[in-house]
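A.B. asks:
Chains as they are written, first to last, in the working numbering: chain P, 1 to 359; chain Z, 1001 to 1285.
1. For residue 1127 of chain Z, list the residues DSSP reports as bridge partners.
2. Please confirm whether residue 132 of chain P and residue 1162 of chain Z have their CB atoms less than 9 Å apart.
3. Give me the Cα-Cα distance between residue 205 of chain P and residue 1115 of chain Z, rounded to the nearest whole angstrom.
4. Step through the CB atoms of chain P and report whether any lies within less than 9 Å of the CB of residue 1131 of chain Z.
5. Expressed to the nearest angstrom, what Euclidean distance is found between the alpha-carbon atoms of residue 311 of chain P and residue 286 of chain P?
6. Given residue 300 of chain P, which residues of its chain have a CB within under 6 Å of its CB, disregarding the five upstream and five downstream residues?
7. Going by alpha carbons, who is nearest to residue 180 of chain P out of Z:1238, Z:1136 and Z:1083?
8. Secondary structure at residue 41 of chain P, three-state DSSP: helix, strand or coil?
9. How far does the alpha helix (DSSP H) with residue 107 of chain P in it reach, from first residue to last?
10. Please report the Cβ distance between residue 88 of chain P and residue 160 of chain P, rounded to the nearest whole angstrom; I am assuming they are in contact, meaning their Cβ atoms lie under 8 Å.
11. Can you tell me whether residue 121 of chain P is buried or exposed? The criterion is at least 16 other CB atoms within 10 Å of its CB, across all chains shown.
12. Give the interface partners of residue 1228 of chain Z over in chain P, defined as CB-CB distance under 8 Å, in chain order.
13. For residue 132 of chain P, return the contacting residues in chain Z, with the cut-off set at a CB-CB distance below 8 Å.
14. What did DSSP end up calling residue 282 of chain P once you bin it into helix, strand or coil?
15. If the cut is a Cβ gap below 9 Å, which residues of chain P does residue 1119 of chain Z touch?
16. Checking the sheet assignment: what are the DSSP bridge partners for residue 321 of chain P?
17. On the premise that residue 331 of chain P lies in contact with residue 255 of chain P, defined as a C-beta separation below 8 Å, what is that separation, rounded to the nearest angstrom?
18. Could you check the C-alpha separation between residue 1075 of chain Z and residue 198 of chain P for me, to the nearest Å?
19. Going along the chain, which residues of the stretch 1067 to 1096 of chain Z sit with their C-beta nearer than 8 Å to a C-beta in chain P?
20. Quick check on the DSSP output: what are the complete beta strand (DSSP E) runs of length 3 or more inside the stretch 147 to 198 of chain P, in order along the chain?
21. Give me the residue from Z:1171, Z:1064, Z:1058 and Z:1222 with the minimum Cα distance to residue 363 of chain P.
22. Taking a cut of 7 Å between CB atoms, which residues from the stretch 1165 to 1186 of chain Z lie near chain P?
23. From the DSSP secondary-structure annotation, give me the bridge partner or partners of residue 132 of chain P.
24. Taking residue 1151 of chain Z as part of the alpha helix (DSSP H), name the residues at either end of that continuous run.
25. Per the DSSP calculation, residue 294 of chain P is bridged to which residue(s)?
26. Is there contact here, the stretch 1201 to 1217 of chain Z with the stretch 1175 to 1182 of chain Z, by at least three beta-carbon pairs under 8 Å?
27. Contact criterion: CB-CB distance below 9 Å. Does residue 86 of chain P meet it with respect to chain Z?
28. For residue 1078 of chain Z versus residue 183 of chain P, is the C-beta distance shorter than 9 Å?
29. Identify, in the order they occur along the chain, each residue of the same chain with its Cβ nearer than 7 Å to the Cβ of residue 1043 of chain Z, setting aside the five sequence neighbours on each side.
30. Counting only beta-carbon separations shorter than 9 Å, does residue 94 of chain P have a partner in chain Z?
31. If contact means a Cβ-Cβ distance below 7 Å, which residues of the stretch 34 to 57 of chain P contact chain Z?
32. Starting from residue 1190 of chain Z, follow its DSSP beta bridges and name the residues at the other end.
33. Is it right to say residue 99 of chain P is buried, meaning 16 or more other beta carbons lie within 10 angstroms of its own, or is it exposed?
34. Using the beta-carbon of each residue, which ones in chain Z are nearer than 8 Å to residue 384 of chain P?
35. In chain P, which residues lie less than 7 Å from residue 1143 of chain Z when you measure between Cβ atoms?
36. Restricting to Cα atoms, I'd like to know which of P:34, P:307 and P:280 is closest to residue 293 of chain P.
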């Protein structure tokens, strides 16, 4: 019997959990938006569009061309395209502001150029230009800057801005034009990463929903112990799904017990059981759990308390065996907590106070 | 968003912990919570927040919240673009945002590795505002990434372009494991004006003139002239409690330096005196 149970346990443990689905890349659906007619950096935008197209094709080639391998370098074409674009954009800003005594952006622009020339698709930095308000005016910077931490100051008004390409625009408008034109090169990258993350996070939340909906009911103590048991999983450096198993501890059950050795009329009785310690694999194809348990029924002819093991199937059905003084008993149970509890409700109530963050 | 959150908070506080009954929590635990609740009815903000921190930091509901918040955040990023996003969080929200972002923005993130993440610097939000930051306090319980070392920071190795950390000198939630990280483009704003004895109150935090000035600047590109700002400060400080605050501050500093029983008693006395002064002044308690 024990061997059979062990074999069953091993089979269930080896069944695979739910897998993740993956996104795909469609470069025909991708299009960089047109730019305003009065944007002073239309040439940068034109270059950005062709770089974006190359970037999209590279992502598609790696992602759809089979199993993507971690750390794979981008194609030479992409490397060339990004390097050329960085040089072109850097030159545009240097030409316009290189001689300015007020707007000193050389160091920032050079770092951007270096980063674009050496980036890689899988794990590389993709510089993005931003302009932000300060008390005195604005400051401009590339978000990926690591070496040049000082952002360059942009005044509210200055002749150096008005002179740019004879457009007579205020500084904020000139740099906003550059921001729109430059950042267009990475739109496809943004879209791909966000779509991929969306799918992966959807899968994780679907798993959490399943866990809250179908797994075995748990007391506060069991929630805490399960969290402790899976602390390594929860401490991973990325967003994780639900635990693969649940700890059972001091869990109350309502049972209907049958003792063969009891006198006629006293064979079957309702009673209560306590699961002392156990584990439930809630997410297997056939969810399975086991615990050490004691059952109490008010008996006339045999002892009231028997101890043994309880088996759980499908997170709902429980079957137990108890033994004392030569008397065996079998029982099935109705999980007391299941009558009252929905873990999802418990969770929803808990986060009620934090709705603001989730809506 | 904030107002509906406040309303929900108030409703949840009124309901208390009774909802846990029959919801999978041991009866003894519920009883303890309810008893604790009845003991603290006059200081509701204290117990609800401390116990929330405990629940968040010690159970798997914390990681569940990370996954849900990350999905919501990802949707906002897709819809509006990361550079247009400003995140404002308060109290336990600072821990939720910190822990989620530190797991989302990962050094070495690979876009093909099947993990939902962003490479720091590549998807920085515009600004992150942390009010009454308890991320280091929650970190004591869940042992996730240390807020002093994590990617929840401004710059090319972080998740945001700017980080503003705002605390009230007399907010007890910021006394333990205070967030003091020093970095470029990380600004600490400290308020010491007491207008409401509940110094943890978000409304009081966000209406402090220096905070409002920065919010207007970063969110709306609006600059407040120096003379108007001075007038705002003067108006804000009207009705504030000054008497008693300095005594409490001195007592608290003594406790922090040397937490002896005598100093603790002095701090409690100063706190009680401040409450009395506030009551007499008609301040909202």
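From the three backbone atoms N, C-alpha and C, an ideal C-beta is built for every residue, glycine too.
C.D. replies: Answer, in terms of the structure:
1. As a working note, residue 1127 of chain Z is residue 127 in the second chain. In the DSSP assignment, residue 1127 of chain Z is bridged to Z:1086 and Z:1162.
2. By one-based count along the first chain, residue 132 of chain P stands at place 132. By one-based count along the second chain, residue 1162 of chain Z stands at place 162. Yes, the pair counts as a contact, with Cβ atoms nearer than the cut-off.
3. Translated into positions along the first chain, residue 205 of chain P becomes position 205. Translated into positions along the second chain, residue 1115 of chain Z becomes position 115. Cα to Cα, the separation comes out at about 13 Å.
4. Walking along the second chain from the start, residue 1131 of chain Z turns up at place 131. No, because no Cβ of chain P sits closer than 9 Å to the Cβ of residue 1131 of chain Z.
5. On the first chain, position 311 is the one that residue 311 of chain P refers to. On the first chain, position 286 is the one that residue 286 of chain P refers to. The C-alpha of residue 311 of chain P lies about 13 Å from the C-alpha of residue 286 of chain P.
6. Counted from its first residue, the first chain places residue 300 of chain P at position 300. Excluding its 5 nearest sequence neighbours in each direction, residue 300 of chain P has C-beta neighbours in its own chain below 6 Å: 266, listed in chain order.
7. Counted from its first residue, the first chain places residue 180 of chain P at position 180. Checked all of Z:1238, Z:1136 and Z:1083; the closest Cα to residue 180 of chain P is Z:1083.
8. Sequence index remark: in the first chain, residue 41 of chain P carries index 41 (1-based). DSSP places residue 41 of chain P in coil when its eight states are reduced to three.
9. Along the first chain, one-based indexing puts residue 107 of chain P at 107. DSSP places residue 107 of chain P in the uninterrupted alpha helix (DSSP H) bounded by 106 to 118.
10. Position 88 of the first chain, counting from 1, holds the residue named residue 88 of chain P. Position 160 of the first chain, counting from 1, holds the residue named residue 160 of chain P. In this structure, residue 88 of chain P and residue 160 of chain P do not form a Cβ contact; the two beta carbons are roughly 21 Å apart against a cut-off of 8 Å.
11. The residue labelled residue 121 of chain P in the question sits at position 121 within the first chain. Residue burial annotation: residue 121 of chain P is buried, with at least 16 other C-beta atoms found within 10 angstroms of its C-beta.
12. Taking the second chain and counting its residues from 1, the one referred to as residue 1228 of chain Z is at position 228. Within chain P, no C-beta atom comes less than 8 Å from the C-beta of residue 1228 of chain Z; the nearest is roughly 14 Å away.
13. Mapped onto the first chain, residue 132 of chain P falls at position 132. Correct list: 1126, 1161, 1162 and 1218.
14. Numbered from 1 along the first chain, position 282 holds the residue referred to as residue 282 of chain P. In the structure shown, residue 282 of chain P sits in coil (DSSP, three-state: anything other than H, G, I, E or B).
15. Along the second chain, read from residue 1 onward, the residue named residue 1119 of chain Z stands at position 119. Correct list: 123, 124, 125, 126, 144 and 193.
16. Residue 321 of chain P sits at position 321 when you count from the first residue of the first chain. DSSP, once it has assigned bridges, lists P:309 and P:330 as partnering residue 321 of chain P.
17. Counting from 1 along the first chain, the entry for residue 255 of chain P is found at position 255. Counting from 1 along the first chain, the entry for residue 331 of chain P is found at position 331. The Cβ separation is near 4 Å, so the contact holds.
18. Counting from 1 along the second chain, the entry for residue 1075 of chain Z is found at position 75. Counting from 1 along the first chain, the entry for residue 198 of chain P is found at position 198. In a straight line, the C-alpha of residue 1075 of chain Z is about 7 Å away from that of residue 198 of chain P.
19. So the close ones are 1067, 1068, 1069, 1070, 1071, 1072, 1074, 1075, 1077, 1078, 1081, 1082, 1083, 1089, 1092, 1093 and 1096.
20. Here the runs fully enclosed are 152 to 155.
21. In the structure displayed, chain P extends from 1 to 359; residue 363 of chain P sits before or after that span and is not available.
22. For the stretch 1165 to 1186 of chain Z, the set of residues with a beta-carbon nearer than 7 Å to any beta-carbon of chain P comprises 1184, in chain order.
23. Your numbering for residue 132 of chain P matches position 132 in the first chain. According to DSSP, residue 132 of chain P bridges with P:139.
24. Mapped onto the second chain, residue 1151 of chain Z falls at position 151. Neither: residue 1151 of chain Z is in no alpha helix (DSSP H) and is coded neither H nor E.
25. Reading the first chain from its first residue, position 294 is the one you call residue 294 of chain P. Its beta-bridge partners are P:274 and P:307.
26. Three or more beta-carbon pairs separated by less than 8 Å are not found between the stretch 1201 to 1217 of chain Z and the stretch 1175 to 1182 of chain Z, which leaves the two stretches without contact.
27. Against the first chain, residue 86 of chain P aligns to sequence position 86. Taking Cβ atoms only, chain Z never reaches closer than 9 Å to residue 86 of chain P, which makes this a no.
28. Residue 1078 of chain Z sits at position 78 when you count from the first residue of the second chain. Residue 183 of chain P sits at position 183 when you count from the first residue of the first chain. It is not a contact, given that the beta carbons lie outside the stated cut-off.
29. Here residue 1043 of chain Z refers to the residue found at position 43 of the second chain. Only weak support exists for where residue 1043 of chain Z lies, its pLDDT of 48 falling under 50; the coordinates are left without a value.
30. Locating residue 94 of chain P in the first chain gives position 94, counting from the first residue. Output row for residue 94 of chain P: interface = no.
31. If the cut-off is 7 Å between Cβ atoms, the stretch 34 to 57 of chain P has nothing near chain Z.
32. One-based indexing of the second chain puts residue 1190 of chain Z at position 190. The partner list for residue 1190 of chain Z (beta bridge, DSSP) reads Z:1167.
33. Locating residue 99 of chain P in the first chain gives position 99, where the first residue counts as 1. Exposed.
34. Since the first and last residues shown for chain P are 1 and 359, residue 384 of chain P lies out of range.
35. Position 143 of the second chain, counted from the first residue, corresponds to residue 1143 of chain Z. Residues of chain P passing the Cβ test: 235.
36. The residue given as residue 293 of chain P occupies position 293 in the first chain. In this structure, P:307 is the residue among P:34, P:307 and P:280 with its C-alpha nearest to the C-alpha of residue 293 of chain P.
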